[in-house]
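Asker: Sending over a structure as structure tokens; questions will come in a sec.
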Amino acid sequence: MRSNWQNKIIQFMRGRYGVFDPLNKRLLILTAVLIIFNVFITIPFVNLLPLLLLVIVYYRFFSKRIYVRSNENQRYLRWENKIKNFFRLRKEAFQNRKTYTYFHCPECKKALRAPKGRGKIKITCSQCRHQFTKKV
């Protein structure tokens, strides 16, 4: 059986976002890093930044606009995936630099690769089916 204060908290949180999503996690980690940074180096602007980030986290957590907060998180995840894919592709290209040549399709900009040393070859993009020639 729940006590009176537990029922009040449940009633207060009903209809609120209340999700500790990846965006909130990253904001809290950034807040902690800035607080630790602020202990060693004091800069006036950096003093207020962790407090501002914490207010944003609480605002998102207690917001009743669930759809808007969910969309913010989805936009953040798309942005984060673009950055991760950029660095993943660079790492892969560096590891295979002796055997493959990497380039982009001129139409859709999809990253493609071809074996080195084949000379002039005709390439078909796997995404948009555009054909072009490239010397590899």
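Taking our numbering, the leading residue of the sequence shown gets 546, the next gets one more, and so forth.
Just so it is clear, CB atoms sit at the ideal spot from N, CA and C, and this is done for glycine as well.
Assign residue 669 to one of three DSSP states: helix, strand, or coil.
Answerer: Strand.
Asker: What does residue 656 pair with, by DSSP beta-bridge criteria?
Answerer: The partner list for residue 656 (beta bridge, DSSP) reads 649.
Asker: Could you give the first and the last residue of the continuous alpha helix (DSSP H) run that contains residue 590?
Answerer: Element bounds for residue 590: 589-607.
Asker: Is residue 606 near residue 561, with beta carbons less than 9 Å apart?
Answerer: It is a contact, given that the beta carbons lie within the stated cut-off.
Asker: Do residue 659 and residue 648 count as a contact pair if the criterion is CB distance below 9 Å?
Answerer: Against a cut-off of 9 Å, the Cβ pair of residue 659 and residue 648 comes out as a contact.
Asker: Can you tell which of 610, 662, 633 has the C-alpha that lies nearest to the C-alpha of residue 645?
Answerer: Of the candidates 610, 662, 633, the one whose C-alpha sits nearest the C-alpha of residue 645 is 662.
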